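In the numbering used here, the protein residues as written are 27 to 547.
Here's the structure, in structure tokens; my notes come after.
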């Protein structure tokens with residue numbers, strides 16, 4: 027029964043997506059071809075997740091979703107969002123460190139920091155500031171499609187001179203209109219009492235669909251949402267991160283290793299000599315690819331195995347590994363799963379498979395990196411894939427390590443034109459960055475569901491996508507209903523005050539009349 031309802035829900039969503047596309051072409055695009063960037067229109071026709079995002083944010087009302095798409099696409103054309111690059115933004119904006127991406131909240135969502143004390147109202151730079159925010163959002167959308175952000179307004183040492191209401195309203199619109207489903211939470215930390223009135227206005231701008239996402243927190247409360255490891259010291263955290271530019275500090279793969287160093291599993295049979303050779307090769311390759319501080323990074327990569335040895339131990343390596351159900355279609359490799367690796371606490375939930383399929387006519391080199399090399403073993407983490415072939419990569423947790431929503435994996439691939447002419451380490455040194463395909467995978471933590479009462483065992487519970495969508499819709503409708511009730515209540519209170527004033531005026535007039543009558547007699 028649950029599967030039937032989920033299937034019907036998926037069919038309804040497909041119909042809504044097709045209706046949205048058809049109506050947008052007929053009602054918006056046909057008579058105004060210069061109104062939008064053609065790349066956005068083309069993406070709307072091919073990217074189901076994009077259309078679904080607009081529909082979900084507008085509670086599956088197609089008319090509202092179309093209005094939102096129209097506003098969003100006009101904004102993207104006006105600001106040239108598709109063509110925004112690091113060089114198109116004034117360098118001083120990056121150097122201030124007022125806006126940047128760094129760290130994760132407890133749910134695994136990326137943190138988008140706004141240092142309010144570094145902002146000042148300036149009409150001459152407002153357009154560049156808006157493009158600056160758009161640059162960060164677009165950059166993240168391309169790196170982590172479908173993943174929400176948690177916005178953190180750090181209000182420490184800020185005052186009224188730092189509040190630009192036009193700029194704040196623009197940030198609100200970015201998440202309310204231009205990037206649907208992007209906002210996980212908006213956390214206001216250490217807000218001075220003098221700004222209460224300003225943020226009440228901001229609250230009204232958010233609208234019913236996002237009002238529940240606004241959180242006010244003190245230094246002690248912010249730990250509820252963000253772990254100390256990703257909080258600065260002035261918020262009671264332990265994060266040693268200091269903003270500097272260049273480079274841009276948004277690479278997910280810069281997490282330092284633990285003090286104890288990488289954990290080696292009991293079945294790791296590689297010799298120490300081989301490990302040292304691979305480590306030297308990787309360090310030289312890594313230093314030449316990215317200009318960052320290498321002491322903060324340590325990616326775990328295994329040495330390349332020969333094809334014969336891979337064939338003999340593939341079945342043993344993949345035994346008990348969780349097989350992927352979804353696939354990302356890439357220009358060089360198809361990657362399964364498409365978005366996330368699922369780990370749990372059970373013994374059978376500590377191993378996952380990544381399947382890479384070569385869709386080109388040439389040999390493709392690949393390597394896998396992780397933000398937590400001390401937790402995971404990736405085997406093989408670097409090798410080549412023949413044309414039309416597939417390779418299974420086993421990602422397993424070491425010993426007692428536990429997966430975290432903050433953990434990420436990066437699959438890198440590049441086409442090899444001259445097969446056999448160079449070693450992999452040398453190849454990765456020389457391959458141009460523009461020719462490297464990158465695909466990111468996040469970690470999903472499985473939770474064992476244990477019913478609290480007996481009647482739940484007898485009733486089917488749909489924990490799939492359809493059930494989650496229905497729950498989101500119900501929450502949005504309840505929030506909208508509460509907002510309308512609050513507005514009506516405020517109106518009633520206002521009318522009550524007006525009536526009270528009128529009654530007092532009438533009483534005063536009556537007393538005045540009695541006084542005048544008494545004086546006349």
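We put the CB at the ideal spot given by N, CA and C, even for glycine.
Computed from a predicted model, the values in this text were never measured in an experiment.
- 7 Å CB neighbourhood of residue 164 in its chain, flanking five on each side removed: These residues qualify, in order along the chain: 107 and 110.
- Measure how close the beta-carbons of residue 391 and residue 440 come, nearest whole angstrom, since I'm counting them as under 8 Å. Between residue 391 and residue 440 a beta carbon distance of about 5 Å is seen, short of the 8 Å cut, so the two are scored as contacting.
- Could you give the DSSP three-state label for residue 173: helix, strand or coil? Three-state DSSP puts residue 173 in coil, outside helix and strand.
- Task: Note down, in chain order, each residue of its chain lying with its Cβ closer than 8 Å to the Cβ of residue 356, except the 5 sequence neighbours on either side.
- Result: Excluding residues within five positions, the ones whose Cβ falls inside 8 Å are 385, 439, 463 and 465.
- Query: Does the Cβ of residue 174 have 16 or more other Cβ atoms within 10 Å, making it buried, or fewer, making it exposed?
  - Reply: Sixteen is the threshold: when 16 or more other Cβ atoms of the shown chains lie within 10 Å of the Cβ of residue 174, as they do, the residue is buried.
- Task: Give me whichever residues DSSP pairs with residue 469 in a beta bridge.
- Result: Paired residues: 367.
- Under 7 Å Cβ to Cβ from residue 50, same chain only, skipping five residues before and after it: list those, please. These residues qualify, in order along the chain: 70, 92 and 95.
- Message: By DSSP's criteria, residue 213 is part of a beta bridge. Which residues make up the other side?
- Response: 178 and 241.
- Message: Could you tell me the alpha carbon to alpha carbon distance between residue 481 and residue 269, rounded to whole angstroms?
- Response: Any reading at residue 481 needs caution, since the residue's pLDDT is 37, under 50, leaving its predicted position unreliable; the model's value is listed next. Rounded to whole angstroms, residue 481 and residue 269 show a C-alpha spacing of 54 Å.
- Task: Within 10 angstroms of the Cβ of residue 285, are there 16 or more other Cβ atoms? Answer buried if so, exposed if not.
- Result: Residue placement at residue 285 is poorly supported in this model, since its pLDDT is 34, which falls under 50; the coordinates still yield a value, given next. Taking all protein chains shown into account, residue 285 has fewer than 16 neighbouring C-beta atoms within 10 Å of its C-beta and is therefore exposed.
- Query: How is residue 130 classed by DSSP in three states: helix, strand or coil?
  - Reply: Note: residue 130 maps to strand in three-state DSSP.
- Query: Quick one: is the Cβ of residue 87 within less than 7 Å of any heavy atom of the ligand GDP?
  - Reply: The ligand GDP is not among the ligands present in this structure, which contains no ligands whatsoever.
- Task: With a cut-off of 8 Å on the beta carbons, I'd call residue 156 and residue 100 a contact; round off their distance for me.
- Result: The C-beta distance from residue 156 to residue 100 rounds to 14 Å, too long to meet the 8 Å contact threshold.
- Message: My output table needs one value for residue 384: the three-state DSSP class, helix, strand or coil.
- Response: Note: residue 384 maps to strand in three-state DSSP.
- Item | Coil, strand or helix - residue 441 by DSSP | If DSSP states are grouped into helix, strand and coil, residue 441 belongs with the strands.
- By the 10 Å Cβ neighbour count, where 16 or more other Cβ atoms means buried, how is residue 212 classified, buried or exposed? Buried is the call here.
- Message: Let's test the definition: count the other Cβ atoms within 10 Å of the Cβ of residue 406 and tell me whether it reaches 16, buried, or not, exposed.
- Response: Its Cβ being crowded by 16 or more others within 10 Å, residue 406 is buried.
- Provide the residue(s) that pair with residue 43 in DSSP beta bridges, ordered along the chain. Under the DSSP definition of a beta bridge, residue 43 lacks any partner.
- Query: Beta carbon of residue 215, beta carbon of residue 194: below 8 Å?
  - Reply: Using a Cβ distance threshold of 8 Å, residue 215 and residue 194 do not count as a contacting pair.
- Query: At which residues does the alpha helix (DSSP H) containing residue 118 begin and terminate?
  - Reply: That run of the alpha helix (DSSP H) goes 117-122.
- Throw me the rounded Cβ distance for the residue 413 and residue 387 pair, which I believe falls under 8 Å. Between residue 387 and residue 413 the Cβ distance is about 5 Å, and since that is below 8 Å, they are a contact.
- Message: Just to confirm the assignment, what range does the alpha helix (DSSP H) spanning residue 54 have?
- Response: That residue, residue 54, is in no alpha helix (DSSP H); it is neither H nor E in DSSP.
- Message: Can you give me the C-alpha to C-alpha distance between residue 411 and residue 252, rounded to a whole angstrom?
- Response: Cα-Cα distance, rounded: 40 Å.
- Message: Short of 8 Å in beta carbon distance, which residues of its chain neighbour residue 291, apart from the five on each side in sequence? Order them along the chain.
- Response: With a pLDDT of only 36 at residue 291, under the threshold of 50, the placement of this residue in the model should not be trusted, and no figure is reported.
- State the CB to CB distance for the pair residue 548 and residue 68, rounded to an integer number of angstroms; the pair is presumed to be in contact (CB under 8 Å). Look at the range of the chain in this structure, 27 to 547, and you will see that residue 548 is not part of it.
- Query: Can you tell me where the alpha helix (DSSP H) with residue 101 in it begins and where it stops?
  - Reply: For residue 101, the enclosing alpha helix (DSSP H) has its first and last residue at 88-105.
- Message: Taking the alpha-carbon of residue 238 as reference, which of 255, 450, 90 and 209 has the nearest alpha-carbon?
- Response: Residue 209 is the option with its Cα nearest to residue 238.
- Message: Restricting to Cα atoms, I'd like to know which of 137, 116, 38 and 120 is closest to residue 88.
- Response: Each of 137, 116, 38 and 120 was checked against the Cα of residue 88, and the nearest Cα belongs to 38.
- Where does residue 360 sit, in a helix, a strand or coil, going by DSSP? Taken through DSSP and simplified to helix, strand or coil, residue 360 comes out as strand.
- Item | Segment limits, beta strand (DSSP E) that includes residue 197 | It is not in any beta strand (DSSP E) - residue 197 instead sits in the alpha helix (DSSP H) that spans 191-199.
- Helix, strand or coil: which one does DSSP assign to residue 396? In the structure shown, residue 396 sits in a strand (DSSP, three-state: E or B).
- Separation of residue 354 from residue 427, as counted between CA atoms: One C-alpha to the other measures close to 28 Å.
- Message: Quick check on DSSP: helix, strand or coil for residue 403?
- Response: In the displayed model, residue 403 falls within a strand according to three-state DSSP.
- Task: Pull up the CB-CB distance for residue 265 and residue 256, whole angstroms please, since I reckon it's below 8 Å.
- Result: About 5 Å separates the two Cβ atoms, so the contact holds.
- Query: Excluding sequence positions up to five away, which residues of its chain have a Cβ less than 7 Å from the Cβ of residue 432?
  - Reply: Correct list, in chain order: 130 and 134.
- Message: Given this structure, state the Cα-to-Cα distance separating residue 118 from residue 347, to the nearest angstrom.
- Response: Between residue 118 and residue 347, the C-alpha separation is close to 49 Å.
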